Amino acid sequence: MDLILTAIVEMAQPFRMLMLVTGVFAGLIVGVVPGIGGLFAMALLIPMTYNMDAYAAFALLLGMGSVNTTSDTIPAILFGVPGSVGAAATVLDGHAMAKKGEAARAFGASYSASMIGGVFGALVLAAAIPVMRPLVLYLKTPDFFAICAFGLSIVAMLAGSQPLKGLAAAMFGMLASFVGIDKIAGIDRWTFGEIYLWDGLPVALVFLGLFGLPELASLLLRGSIQGNAERPTYAGMWQGIMDTVREWPLVLRCSTIGSLLGAVPGVGIAVLDWIAYGYAARRPGSGPKFGEGNVRGVIAPESANNAKEGGSLIPTIAFGVPGSASMSILLGAFVVHGLVPGPDMLGKNAALTMSMVFSIAVANIVGAVTCLVLTRPLARVAQVSAAILVPLVVTFIVVGAYQTNMSAFDFALVIGVGAIGMAMKELNWPRSAFSLGFVLGPSLENYFFLAYQISGWSWLAQPLVLLLLGLAVVGVIRQTRSWIKARKAGGPLPPALPDIIAGTAVTLLALAALVTAVTEFPFEAAIFPVITAGLLAVFSLVTTAQTMVRWRRRVPHEPELQPSAEAPGEWTPATEPTMKGNLAIIGLCLALSVLILLVGHLAATFVFVAGSIVLLGVKSWRKPLIIAAVTTVFVYSVFDMLASQPWPTPWLGHVNKMF
Amino acid sequence: MLAMIFRASRAVSLLVAVLAVAMCTQAQAVEFKTITIKVGYGPGGGYDQTSRVIARHFGRFLPGNPDVVVQNVPGGGSLKLTKMVLGSEPADGTVIASISEAMSYAPVLDPQNANFDPLALQWIGSLVNEPAYCMTARSTGIDTMDKFLQSDFLIGATGKSSVTYIFAALVKNGLKAKFKIVTGFEGTADIELAMQRGEIAGMCGVSSYNISGNRDTLNLIGTFGSGPVDGQKPLERFTARIQDPKLQEAAALIETALHFHHPLVVPPDTPKETVEALRKGYMDMVRDPAFLADIGKLSEMAVNATSGEDISRLVSRQLQVDPGVFETARDLVK
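Chains H and E supply the protein sequences, listed in that same order.
Heads up: the first sequence begins at 1 in this note's numbering, then just goes up one per residue.
Heads up: the second sequence begins at 660 in this note's numbering, then just goes up one per residue.
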């Protein structure tokens, strides 16, 4: 009790509270802008804390780190573009709600769920203080493998109406995650001699392309986010908050998932928000199907990803082992302030640990309230013309992508993955399953080899491993049975011919991967890719064969294109000429990429925004120029001032130098 | 009289200033505007943190008082950045790279990297010159070098090109030790946690930074390199036990890099004046109390800088040995 009081008294000092609030606002901005994540922001903030006392420093850093999972839902819900990797699961139902004119409700539900999740995570951290060290020591390396395997089994819940495609998508994601230099043998896998690929495909870019770009195409075709749906009301926000309150058992369960898995190194927000989403998808409750704007699909990942901050501090504080990537940066702050993670943080410096609990809790509350206040103007964005929104969102995706590595490959990757995401969206290959495979692949492989090197196969008999693997198997069997039962149900399916082409392409890719892995990689670097590629080849081959049978048997009156409310999963039959929209988005991205390489990101932003708004149908020149100027100033303040970093010299700059 | 001297000295200093300006414009003296320190590792680690401290101070010691910013270019334990510095980075002093000292012998150890020449890199200076250790958890009971070399146990390491692996392999192969090396840990903190869980017994290649927090739960077994060990009883050097002169030469080659932890480099074609200005600024910086106070917050390790000239000398001596020794060194750390 004394401890809590001491912490509160210490935190009550004006400067420390000011730092906390400053951190919260910085964190909200970082969360909203796709491309810069909490990780990067934390690295930038650390040097600023050198001259502060430890309480103020951690208030600033944790204030920032706690809330970017609150505000990253704003672009996720409005545009289908995840503001950070932790918002990808929110895209599916949150954006679907916005399309139906329920943006305000989705905001209300997501912020309130974020707030409760965040405070819950802080309480878990507080409660863990006395038992933290034995708790972390209890989990052994094989348990981490089992946790990841269990997480992967959630793919079964995300697989949608064509489960084989779901499984294939998960294997595809996993295969993609093996690109780069492997940890065990130290050889490069599928890097094609490109240094860019050594560290693998950057997660943030993959998620931006996979979720962001496909949604933009349909936004462009609809004309505005909610199309002709009703005008949003402020009451929607209260409805969303009430949804969260009504679903309190779900909120608490997903907060538990978030805070506990957050403590497992290697399981980041990108993993645990899918696990929470898959968990919620098992019991959809009343309301629309998952993927079509079910509010539970927003509440579950949002409560989980905010709860993780408290959880991931547990191993960081107790052992100096970062529970997440941003925690490894936070460790730097520990050292700067002369703190040694370990027993001292739970004894001598326990008041400081308690102040971190306080910071996380307060930051979540302040962050959520700030976002709620902003809901009304933000929900109005849903009615703004797509001709204005699309260029703006494309700008943030492309500039954000470029700042990842400042390389032309960033553009190629985000656009390439975007094209794959578009195809997956049209042809019912669940992107959620791909994501989960992609983020879990490396952890699974690494923990497996560690466990194997440490104890051979005997670890398979450990109780927790047995329990988790058992649960995973049971879950998959149950889901398979329901698939078999639903097999005859029919329902709409995507057009056959493109599906066959895509399926064949994936099979060929899998076979190529299989052959190169077998012939070129040493055994320990090959085993996981070989299994994954093999399964991918089988799954995609079978689903292609199924589609071919369906195509041959096709009845003259195609039932496939009728939109139906019965379609489960994240896929809905296309009702628009999506090809045109997709090509337009890719064209816009390419144009902006070339402009950035030519004249630099600022001039390119101005020219691109003004030009494309006019191109997309706004008649006057005045409005586009004003919007372009404001966007350019915003890009400058975020990517040059807030995140001060060197940008490469544009090509025209080189030409200039020659004369 | 006094006034006259004063006026005269003022005139002289004015003249000197004018001359200096004139000479500067003529000889195009080095002047820095903005410098980017690229770090070969992700945010948060030792390389990143020391680079960020250096970025805060370095500008004060360079002509033109440039702004210094940090950018992370992680990949292959800084091999990616090293290749970029040798290939594509601008050679005008606008980019400095913070890379692993192990890059100085990367082509020796891995024939795949044979196409790059560490001697071509221009070394600016390094922060730390200290030995590395092997250590075990106290609970294992392995507390002497004899037990360490003769018992069956597990040693944790990160990647195969990391110092945690290289030095463990050096002991295992050079002294026929019986332990097994487990690779694939995320970082040294993860290895220490696995030691506390009792999953593995110890680790090698660690610096004093890793043992500062919990010295009473660890056994320090022996050292690599000849740098100073502060405040403890002297430990035996592993390489002193190697009998074969060829093996010993190869081991010494690998140990050399311990003299220049956390080095900074610039691309091969950087003009001589620029390199000299950077080297001078670096050595001035490492003597500056404000810098030392900031870096002191990072860890217990004391700054013990090595100048760029010395590093170049060490690297060239390292690479001048007989090619047969390279071969031996390669087998030694396999």
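Glycine included, every Cβ here is placed at the ideal spot set by N, Cα and C.
The structure displayed is predicted, hence computed values, not measured ones.
Straight-line gap, residue i to residue j (C-alpha atoms, nearest Å)
i	j	result
V698/E	N731/E	5 Å
G818/E	T507/H	32 Å
G291/H	D93/H	5 Å
G653/H	Y764/E	37 Å
G746/E	F775/E	10 Å
P982/E	L738/E	22 Å
V680/E	P646/H	Summary for V680/E: the model assigns pLDDT 46, below 50, so the residue's position carries little reliability; its value from the coordinates is reported in the next sentence. When rounded, the distance between both Cα atoms is 30 Å.
A54/H	V340/H	12 Å
V251/H	A368/H	15 Å
G475/H	T543/H	22 Å
I184/H	L768/E	17 Å
A212/H	G258/H	The question names Ala, but residue 212/H is Gly in the sequence shown. Answer to the nearest angstrom: the Cα atoms are 24 Å apart.
G65/H	V9/H	23 Å
Q708/E	G332/H	7 Å
S820/E	G35/H	31 Å
D990/E	F40/H	39 Å
E194/H	P463/H	43 Å
E560/H	P495/H	Because E560/H carries a pLDDT of 45, less than 50, the predicted location of this residue cannot be relied on, and the following value inherits that uncertainty. One C-alpha to the other measures close to 7 Å.
D849/E	V321/H	6 Å
M17/H	K308/H	22 Å
L467/H	V614/H	60 Å
L261/H	P301/H	13 Å
V648/E	P930/E	The question about residue 648/E has no answer here: the residues shown for chain E are numbered 660 through 993.
K165/H	V974/E	55 Å
R133/H	S785/E	37 Å
Residue(s) in a DSSP beta bridge with residue i
i	result
N731/E	V698/E
W782/E	V924/E
S224/H	S385/H
G881/E	C793/E
K839/E	L813/E
M862/E	M794/E and G815/E
D726/E	T693/E
S407/H	Paired residues: none, contrary to the question.
V518/H	Paired residue(s): none; V518/H is not in a bridge.
D188/H	I181/H
I755/E	I696/E
V787/E	H920/E
R896/E	T882/E
When the options are compared against residue i, the one with the closest alpha-carbon
i	options	result
S710/E	D981/E, V980/E, Q977/E and V945/E	V945/E
A718/E	V830/E, D969/E, R989/E and Y941/E	According to the sequence as given, residue 718/E is Gly; it is not Ala. Checked all of V830/E, D969/E, R989/E and Y941/E; the closest Cα to G718/E is Y941/E.
L829/E	E914/E, N878/E, L778/E and E968/E	E914/E
K623/H	A368/H, A387/H and M422/H	A387/H
I783/E	E968/E, L808/E, Q855/E and Q977/E	E968/E
W274/H	L615/H, G297/H and V417/H	G297/H
T578/H	Y452/H, I531/H, P301/H and A423/H	A423/H
V119/H	V635/H, V357/H, S286/H and K289/H	V357/H
V381/H	G101/H, L592/H and G23/H	G101/H
T605/H	V594/H, A545/H and T395/H	T395/H
L834/E	E895/E, A791/E, I901/E and V841/E	I901/E
L139/H	A451/H, A300/H and A307/H	A451/H
M548/H	G400/H, L493/H and M237/H	L493/H
V635/H	E445/H, V399/H and V85/H	V399/H
V787/E	V712/E, D947/E, F919/E and I755/E	F919/E
V131/H	L535/H, A318/H, G338/H and A610/H	A318/H
P391/H	G227/H, T191/H and A584/H	A584/H
CB contact check: residue i to chain C, cutoff 8 Å
i	result
R856/E	Within the model displayed, chain C is absent; protein chains H and E are what it includes.
Beta-carbon separation (whole angstroms), residue i vs residue j, contact threshold 8 Å
i	j	result
S255/H	G117/H	4 Å
S218/H	N428/H	At roughly 15 Å, the Cβ-Cβ gap does not stay under 8 Å, so S218/H and N428/H are not in contact.
V393/H	V124/H	Wrong, their Cβ atoms sit about 35 Å apart, outside the cutoff.
Any non-hydrogen atom of the ligand PLP closer than 7 Å to residue i Cβ
i	result
V732/E	As far as ligands go, the structure on display features none, and thus does not contain the ligand PLP.
What are the complete alpha helix (DSSP H) segments, minimum 4 residues, inside the stretch 255 to 290 of chain H? 269 to 282
**Study point:** Within the stretch 941 to 988 of chain E, ranges of the alpha helix (DSSP H) (whole runs, at least 4 residues)
**Key:** 948 to 957 and 967 to 978
Practice problem: List in chain order: all unbroken alpha helix (DSSP H) runs of 4+ residues lying wholly within the stretch 72 to 133 of chain H. | Solution: 73 to 79, 96 to 99 and 103 to 128
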